[in-house]
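Protein chains: 2
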Amino acid sequence: MPSGAETSALRTNDDSPDAGDSADLQIEVIEFFVHIAQLLHLPKSIGQIFGYLFCAGEPRTFDDIVRDLSVSKGSASQGLRFLRNLNAVRVIYIPGNRRDHFEAEDRLSKLAAGFLRERVEPQLEVGQERLARLKNLVERRSLSDDADLLLRERVGRLEGWNSKARQILPVMLDFLGI
Amino acid sequence: MPSGAETSALRTNDDSPDAGDSADLQIEVIEFFVHIAQLLHLPKSIGQIFGYLFCAGEPRTFDDIVRDLSVSKGSASQGLRFLRNLNAVRVIYIPGNRRDHFEAEDRLSKLAAGFLRERVEPQLEVGQERLARLKNLVERRSLSDDADLLLRERVGRLEGWNSKARQILPVMLDFLGI
DNA sequence: CCTCGTGTTCATTTTTTCTTGAACAAATTA
DNA sequence: TAATTTGTTCAAGAAAAAATGAACACGAGG
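If you're matching them up, the sequences are chains A and B in order.
So the first sequence is numbered by our numbering: it starts at -1 and just counts up by one.
So the second sequence is numbered by our numbering: it starts at -1 and just counts up by one.
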């Protein structure tokens, strides 16, 4: 796969005469976000969309995204929903214009907080439930069998982990300025 | 796909008479780790291996893992390498025994620290390099073009994000007791 | 009620990632 | 040194995830 020039077809809006315009740079910034998305195991398209909105000076429409990034409507729709759920993208309603307009959150603290709240916290709750079930199972076992005792200790340790994580989370959110 | 009873063929070592023995419970704990692995977008086999070692009372060998979890040697080898790199699994050398013995790290702080150091920190360095290149590009541009100015501001913001993250990381590591 | 503009859903295709197992290397022992 | 044990590598198949785009829903305006 040849590198570079992947994110194609960016809107030119071009008044400049000849040499490499700022769209090239915009593509680089978008690719930076694609890289981050891949680190977080998010679809590439989500990185593209966020990077595109992050570079845009003003809110962009659904159509802008589909056209300028050459992604399908499906990817754009799902990617935007994901980003909205994380509060990484806001919808701007413009009176007299039926289209949704989208804008990227550019405060790192808000992005981190959104990720913690929408992704991490719910999973900690799920984990707590799973551990409650495990605890039930383990407590119905003999206190004399070595294997049972070991597992009981291990499940207890997992509960400690979960509890610790749930304690730290609000501290982090607080640190991020709520 | 039927649920449960996926992680098969766990060593029985069975002296108990009839009803569900503690291997069932061990399987549940292993599945708990498989679930965590999937959350972290890690291969299922890595969750199995860590869960297996976490439940084991004593260090286990490569062969134990392959046999008891019914995973291939390839998966076991790669999974163990990954877990060792994260310091989530230690190798125990037992004199007079050629085989490597593996043991799970059971201190949450060590696990978190390993993740931050081996996964997060290197990526922040990579990001810093990428941003340095972006900064170079953006500084060669005109200060009069609006689009260029906007991008310059955006790249500056990204550098601020990276810098902030690199400041926070040692604080977190310190908090985790180094 | 009909049509058009906007976006969503979801079955299918495409791409990526994981697992497997056979071939291979390294180290030990006979 | 040959045979054996132990674990790694990597090409290929299997499984999972992402992207696509046509069909669909919903609402606004005529």
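We put the CB at the ideal spot given by N, CA and C, even for glycine.
The structure displayed is predicted, hence computed values, not measured ones.
- Straight-line measurement puts the Cα of ILE28 of chain B at about 14 Å from the Cα of GLY55 of chain B.
- Not flagged as an interface residue toward chain B: SER43 of chain A, since no C-beta distance is shorter than 8 Å.
- Unbroken alpha helix (DSSP H) stretches of 4 residues or longer found wholly inside the stretch 38 to 119 of chain B: 42 to 53, 60 to 67, 71 to 83, 106 to 113, given in chain order.
- The DSSP-derived three-state label of GLY175 of chain B is coil.
- Taking the Cα positions, ALA21 of chain A is about 22 Å away from VAL87 of chain A.
- Apart from sequence neighbours up to five positions away, the residues of its chain that approach LEU167 of chain A with a beta-carbon distance below 8 Å are LEU114, VAL118, GLU119, LEU122, ordered along the chain.
- Here the stretch 65 to 82 of chain B does not lie against the stretch 150 to 161 of chain A, with fewer than 3 beta-carbon pairs under 8 Å apart.
- When only Cα atoms are considered, ASP19 of chain A and LEU148 of chain B end up about 13 Å apart.
- Contacts with chain A at 8 Å (Cβ-Cβ) include ARG155 of chain B.
- By the rule that beta-carbons nearer than 8 Å mark a contact, LEU81 of chain B does not touch chain A.
- Nearest CB-CB separation between LYS162 of chain A and chain B: below the 8 Å threshold.
- In this structure, ALA110 of chain B sits near LEU174 of chain B, with a CB-CB distance shorter than 8 Å.
- For the 8 Å CB-CB criterion, VAL136 of chain A and ARG155 of chain A do not form a contact.
- Here the C-alpha atom of ASP62 of chain B lies approximately 56 Å from the C-alpha atom of THR59 of chain A.
- Among the residues of the stretch 44 to 60 of chain A, those with a Cβ less than 8 Å away from any Cβ of chain B are PHE52, CYS53, GLY55, in the order of the chain.
- Within 7 Å of the CB of ALA145 of chain A, the CB atoms of chain B belong to SER20, in sequence order along the chain.
- For GLU101 of chain B, no Cβ of chain A is located within less than 8 Å of the residue's own Cβ.
- For SER142 of chain B, the secondary structure class from DSSP, reduced to helix, strand or coil, is coil.
- Of all residues in the stretch 114 to 128 of chain A, the ones placed with a Cβ closer than 7 Å to any Cβ belonging to chain B are GLN121, ARG128, in chain order.
- Contact between the stretch 72 to 89 of chain B and the stretch 41 to 50 of chain B is present: 3 or more CB-CB pairs across the two stretches fall below 8 Å.
- Cβ atoms of PHE48 of chain A and ALA102 of chain A come within 8 Å of each other, at about 6 Å.
- Assigned with DSSP and collapsed to three states, ASP19 of chain B falls in coil, not helix or strand.
- Scanning chain B for C-beta atoms nearer than 7 Å to the C-beta of VAL136 of chain A yields LEU23, reported in chain order.
- Close CB contacts of CYS53 of chain B within its chain, under the 8 Å cut and outside five residues either way in sequence, are with GLN24, VAL27, ILE28 (chain order).
- Between ASN85 of chain B and GLY112 of chain B, the gap from beta carbon to beta carbon is short of 8 Å.
- Taking the Cα of ALA35 of chain A as reference, the smallest distance to any Cα among A:PHE100, A:PHE80, A:ARG105 is reached at A:PHE80.
- Close CB contacts of MET170 of chain B within its chain, under the 7 Å cut and outside five residues either way in sequence, are with LEU114 (chain order).
- Cβ contact annotation for GLU157 of chain A (same chain, cutoff 6 Å, sequence separation greater than five): LEU129, in chain order.
- Residue environment: GLY72 of chain B is assigned as exposed (fewer than 16 neighbouring CB atoms within 10 Å of its CB, all protein chains considered).
- A straight-line Cα-Cα distance of about 36 Å links TYR91 of chain B and ARG131 of chain A.
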